[in-house]
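Convert by adding 93 to the 1-based position in the sequence shown; the result is the number in the working numbering. Presented below is the structure to which this report refers.
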Amino acid sequence: MAFAFVPIVHIVAAIFAIIELGLTAYLASGYNSWYDDYSPSRINFMIFNSVWSLLVLVYVGLTPLYMTSVFHRLAALALNAITTIFWFAGAIALAVFVGGPYECHANSYCSSSEAAVAFGFFLWALFTFLTVIDALDSLRSRGHNVGPAAKPNAFPGA
Numbered sequence: 094m095a096f097a098f099v100p101i102v103h104i105v106a107a108i109f110a111i112i113e114l115g116l117t118a119y120l121a122s123g124y125n126s127w128y129d130d131y132s133p134s135r136i137n138f139m140i141f142n143s144v145w146s147l148l149v150l151v152y153v154g155l156t157p158l159y160m161t162s163v164f165h166r167l168a169a170l171a172l173n174a175i176t177t178i179f180w181f182a183g184a185i186a187l188a189v190f191v192g193g194p195y196e197c198h199a200n201s202y203c204s205s206s207e208a209a210v211a212f213g214f215f216l217w218a219l220f221t222f223l224t225v226i227d228a229l230d231s232l233r234s235r236g237h238n239v240g241p242a243a244k245p246n247a248f249p250g251a
């Protein structure tokens, strides 16, 4: 990776994805227990986004460190781009479904739904940033070696 702060962004995105997973799972459980109905597809898609993002972050963040033979830079770029599109679509769909802003007062379900929308857009911004950084890094290193240059007079055994 080109920038030293990218692993920090991966950690923040993982924490936000776990928070989003908790919020949307709470919203889905409210539909299943209070309304005796299935949860809406928008909420289910946000649960999928959270789990998908955690899996992508494991591949993009940990695979280059521990299993370099499995990691491919363009696959990581494609996964980040797909995840960015998923978060944008899910956050917009959930924001339209929730509506608002509302005066929630002490209603935890209302507050959780608004927080889920906010964290959805935060995650969209984080994955957009990661996609742009990965795209710039892929374009910068395309076609040539960007690793440390070998010394011209160094012997292999020295």
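Even glycine gets a Cβ: it sits at the ideal position worked out from N, Cα and C.
Item, Value
"Whole runs of the alpha helix (DSSP H) within the stretch 130–199, excluding any shorter than 4 residues", "134–159 and 166–191"
"Limits of the alpha helix (DSSP H) - the one that Ser201 falls within", "Ser201 to Arg233"
"Backbone CA spacing between Phe181 and Ala174 [nearest angstrom]", "11 Å"
"Through-space distance from Glu196 to Thr156, alpha-carbon basis", "44 Å"
"Check whether Thr177 and Thr224 have beta carbons under 8 Å apart", "yes"
"Check whether Phe138 and Phe212 have beta carbons under 8 Å apart", "no"
"Three-pair Cβ contact test at 8 Å for the stretch 215–233 versus the stretch 99–115", "yes"
"CB contact flag (Ser231, Arg135, <8 Å)", "no"
"Cβ-based neighbour list, Tyr124, same chain, cut-off 8 Å, excluding 5 preceding and 5 following", "Asp130, Tyr131, Ser132, Pro133 and Ile136"
"Alpha-carbon to alpha-carbon, Gly154 and Ala228", "16 Å"
"Tyr152 versus Leu114 - alpha carbon distance", "19 Å"
"Closest residue to Leu147 among Ser162, Leu170 and Val105 (Cα-Cα distance)", "Val105"
"Supposed close pair Val149, Leu170 - CB separation, criterion 8 Å", "Their Cβ separation, rounded to whole angstroms, is 11 Å, which puts Val149 and Leu170 out of contact at 8 Å."
"CA nearest to the CA of Ala188, picked from Ile226, Val144, Arg233 and Ser205", "Ser205"
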